[in-house]
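All residue numbers for the sequence shown refer to my numbering, where the first residue is 4 and numbers rise by one.
Glycine included, each C-beta is placed from N, C-alpha and C at the ideal position.
Worksheet: one structure, shown below.
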Amino acid sequence: MRFEDQDTYTLVIQFEQALSEGRQPYYDVEDLELILEYYLETGNFEQMRIALSLSQEIHPLAFVFKVKEVQLDIATKDYTKALAKLNHLEGLNMRSVELLIARATILLHQGQNDAGLKILDNALKDAEDPLDVLQLIIDAHLSQGDYPRAIGALLQWCTMEEEPLEDSALYQLAMCLDFTNEYDRALELFHAFTAREPYNPLLWFQIGAFHLRKNQESKALQAFEWATLADENYHPAFFEQGRIHERNERLYDALNAYKQSISEEVPSGYIHFRIGLLELELDTPKEALRQFNTAIELENDIDDIYLERAGVLMDLELYQEALQDFKRVWLEEAYGEEDVLDHVECLIELDDLDEAIRILYDGIAKFPAAIQLRLVLSGYLIAIDELAAAQKVLTETLSKEPKTLLLFAEYFPDLPKIPAVGAILASIQRENHD
C-alpha cells in the first residue's frame, strides 16, 4: 500500500488533530488499518503505537490489529517479541498470509534465507495481493546477489496481465539482466513489453541502454528517439541522445539534445557542464561560462567544472576569478598536469612568481614523473636567480629523462645563452658523462 493519495493523508491528519484536542474519535477497522499502514511505511513507529493502542480499544477482537502488532515489532527489530506473538496466534489457529509474511521476514532478517523464501513461496499462492509478497521475494534474492532468481520473480510481476508495468520492476529487471550480461534476452523481453505498452518511454529507454551495451549506437539512438516520441519530457533519453551525438562529433545535435534533457524537476549541474564543454568547442566562451556558472550553482562539488571554468576565465583575461577556481580544487583528484601549468600561468599573469613556484613544487610532489613541470620550474627558478635550486631540479629530471637538457633548451631557447645558465647546463652534462 502506498500513500500518494490525498484521502489517506487527510484521514491521518484528522486522526492526529482529534488526538491533539483530547478527543477519542471512532473509526472503523478499515480506516484504522489505513492509518496504521501509513505510520508503518513512513517509519513513525511511536505514533503507530498510540494508534494501535486506540484501535485495539475500539475493536478488541479485530485480528488485523494483532497482525499489526507483529509488524510493528519486526519494524523496530524486536524479533523475540514478534516471534512470541506469532507463535501465540498460530497456536490459536489464527493463520493468514500476513502472518506467513511476518515469519518469513523475521527469518530473512536472521539470515535464514532459504527457510524465509520457502514460506514466501507458500504465501504467494494464497495472497490476494501477490505484489507485496513478490516484492519481498525479489528483495531477498537481490540481497543475496541471486540475480537469476530475482529475474524470475520480476518477470512474474511484469507478466501479470491485470497489472500495469511498474517502473520499479522494470528498473530492477534491467539491472539484473545487466549484471548477468544477458543483453540479447533483455532486448527480447523489453521489446515484448512494448507490444503491451507501446508508449511507455522507460521501455524504449532500456532498449536503448542495452543496445549501447552491445555497441550498437545507431539502434540505441533510434530507441532513445522512440522514448522521447512516447514522452516529449522524458529527459534521460534526450541526455543519452546527446552523449551519442557528442561521441560522434555531431556537436550541434548533441547541444540540442542536452538542452532538451534539462529538467526543472530534477535539475542537474552535470548537464549544464556538458553543454558548457560543447559551447567551448563551438567557440562561444561567454555562453560556456554561463553554463559552467549554472552547473556550479546546481552542483558545487564537481571539480572538473571549476577547472573548465578557470580555463574560460583565463581566456577572457579574468585571472583573479580564475585563480579562485584553481584554489577551490587545488590538487584534488580531478587535477592533472595541464591544470597545474594553467594554474601557474594564471599566477604569472597576476605577477605572483613566488606562488607560481610553490605551486610547481606541489604539482611535482603529486606528479613526480611530470617532466614538463620540472622544466618550467627550473626556468622560473633561474628567473629569480635561484641557480642552485634550478641545477638540482634539472639534475633530478635528467635521471628520469635523458633528453632533459635538449628539452630545456627548446622550452627556454634564450636561457642557455646566459653565461651562468650555460655553465650550469655544461656542469650537469659533464657530471652525467662522468
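Item to check | Sequence-distant residues of the same chain with beta carbon closer than 6 Å to Val70, five excluded per side | outcome: Hits under 6 Å: Glu101.
Checklist entry - Which whole-angstrom value is the C-beta distance of Ser264 and Gly245, which I expect to be below 8 Å? => result That pair is a contact at about 6 Å.
Checklist entry - Can you tell me whether Ile114 is buried or exposed, with buried defined as 16 or more other CB within 10 angstroms of its CB? => result According to the sequence shown, residue 114 is Gly rather than Ile. Burial state of Gly114 is exposed, judged by a 10 Å Cβ sphere holding fewer than 16 other Cβ atoms.
Next on the checklist: Suppose you measure from the CA of Pro201 to the CA of Glu282; what does that come to, to the nearest Å?
Outcome noted: Spanning the alpha carbons of Pro201 and Glu282 requires a straight line of approximately 36 Å.
Checklist entry - Can you tell me the Cα-Cα spacing of Phe213 and Trp229, whole angstroms? => result Rounded to whole angstroms, the separation of the alpha carbons of Trp229 and Phe213 is 14 Å.
Item to check | Residue closest to Glu399, alpha-carbon to alpha-carbon, out of Arg377, Tyr383 and Ile385 | outcome: The shortest C-alpha to C-alpha distance from Glu399 to any of Arg377, Tyr383 and Ile385 is the one to Arg377.
Checklist entry - CA-CA distance, Tyr237 and Thr231? => result So the two alpha carbons sit approximately 6 Å from each other.
Item to check | Asp81 versus Gly272: straight-line alpha-carbon distance, rounded | outcome: Whole-angstrom Cα-Cα distance: 43 Å.
Checklist entry - When the Cα atoms are used, what is the spatial distance from Asp306 to Glu336? => result Taking the straight line joining both Cα atoms gives about 8 Å.
Item to check | Best match in Ala313, Glu252 and Tyr414 for proximity to Glu284 [C-alpha to C-alpha] | outcome: For Glu284, the nearest C-alpha among the options comes from Glu252.
Next on the checklist: Can you list, in chain order, the residues of its chain with a C-beta nearer than 7 Å to that of Ile156? Leave out the 5 residues immediately preceding and following it.
Outcome noted: Per the sequence shown, the amino acid found at residue 156 is Ala instead of Ile. Closer than 7 Å at Cβ, skipping near neighbours: Leu137, Ile140, Ile141 and His144.
Item to check | Gln74 burial status per 10 Å Cβ neighbour count (16 or more: buried) | outcome: Around the C-beta of Gln74, 16 or more other C-beta atoms lie within 10 Å, and the residue is accordingly described as buried.
Checklist entry - Thinking C-beta only, is Leu35 closer than 9 Å to Ser58? => result Yes; because the gap between Cβ atoms is below 9 Å, this pair is in contact.
Checklist entry - With 16 other CB atoms within 10 Å as the buried threshold, where does Met4 fall? => result Residue placement at Met4 is poorly supported in this model, since its pLDDT is 42, which falls under 50; the coordinates are not used for a value here.
Next on the checklist: Shorter than 8 Å, the distance from the beta carbon of Leu376 to the closest heavy atom of the ligand MG, or not?
Outcome noted: The ligand MG is not part of the structure shown, which contains no ligands of any sort.
Checklist entry - Nearest CA to the CA of Thr13: which residue from Asp31, Val32, Tyr29 and Leu37? => result Nearest C-alpha to Thr13 among Asp31, Val32, Tyr29 and Leu37: Leu37.
Next on the checklist: Given a cut-off of 9 Å on the beta-carbon distance, is the pair Asp365 and Val343 in contact?
Outcome noted: Remark: C-beta atoms of Asp365 and Val343 approach each other more closely than 9 Å.
Next on the checklist: Just to confirm before moving on: does the CB-CB distance between Ala85 and Ile77 stay below 9 Å?
Outcome noted: It is a contact, given that the beta carbons lie within the stated cut-off.
Checklist entry - Should Ser381 be labelled buried (16 or more other beta-carbon atoms within 10 Å of its own) or exposed? => result Ser381 counts as buried, since at least 16 other C-beta atoms from the protein chains shown sit within 10 angstroms of its C-beta.
Item to check | Where Phe6 sits in the DSSP three-state scheme | outcome: Bear in mind that a pLDDT of 45 at Phe6, under 50, signals an unreliable position, so the model cannot answer this.
Checklist entry - Ala260 to Lys222, Cα distance in whole Å? => result Across the structure, Ala260 and Lys222 are spaced so that their CA atoms are roughly 17 Å apart.
Item to check | Short Cβ contact (9 Å threshold) for Ile431 with Leu401 | outcome: Ile431 places its beta carbon less than 9 Å from that of Leu401.
Checklist entry - What number of angstroms, rounded off, separates the C-alpha of Ala412 from the C-alpha of Lys420? => result Their backbone Cα atoms lie some 10 Å apart in a straight line.
Next on the checklist: For Leu22 and Phe48, what's the separation of their Cα atoms in angstroms?
Outcome noted: Phe48 has its alpha-carbon roughly 16 Å from the corresponding atom of Leu22.
Checklist entry - Thinking just about the alpha-carbon of each residue, which of Ala372, Tyr322, Leu350 and Arg152 is nearest to the one in Glu340? => result Ranking Ala372, Tyr322, Leu350 and Arg152 by Cα distance to Glu340 puts Ala372 first.
Checklist entry - Could you check where the alpha helix (DSSP H) with Val32 kicks off and where it finishes? => result From DSSP, the alpha helix (DSSP H) with Val32 extends over Val32 to Thr45.
Item to check | His112, enclosing alpha helix (DSSP H) - first and last residue | outcome: Its alpha helix (DSSP H) spans residues Val100 to His112.
Checklist entry - If we ignore side chains and look at the alpha-carbon of each, how far apart do Glu290 and Leu123 end up? => result Cα to Cα, Glu290 sits roughly 57 Å from Leu123.
Checklist entry - Where does Thr183 fall in DSSP's three states? => result Coil at Thr183, not helix or strand.
Item to check | Proximity winner among Asp234, Ala172 and Asn296, relative to Arg312 (alpha-carbon distances) | outcome: Checked all of Asp234, Ala172 and Asn296; the closest Cα to Arg312 is Asn296.
Item to check | Gln394 versus Tyr255: straight-line alpha-carbon distance, rounded | outcome: In this structure, the alpha-carbon of Gln394 lies about 50 Å from that of Tyr255.
Item to check | Cβ shell of Phe415 (< 6 Å), same chain only, five flanking positions each side left out | outcome: The beta carbon of Phe415 sits closer than 6 Å to those of Gly382, all from its chain and outside the five residues before and after it, given in chain order.
Next on the checklist: Given a cut-off of 9 Å on the beta-carbon distance, is the pair Trp207 and Ala226 in contact?
Outcome noted: With contacts defined as CB atoms closer than 9 Å, Trp207 and Ala226 qualify as a contacting pair.
Item to check | Cβ shell of Glu220 (< 7 Å), same chain only, five flanking positions each side left out | outcome: For Glu220, where only same-chain residues beyond five positions count, the Cβ hits under 7 Å are Ile247.
Next on the checklist: Which residue marks the beginning of the alpha helix (DSSP H) containing Asn251, and which one marks its end?
Outcome noted: Per DSSP, Asn251 lies in no alpha helix (DSSP H) and is assigned neither H nor E.
Next on the checklist: Need the endpoints of the alpha helix (DSSP H) that Leu215 sits in, please.
Outcome noted: According to the DSSP assignment, Leu215 belongs to the alpha helix (DSSP H) that extends over Pro204 to Arg216.
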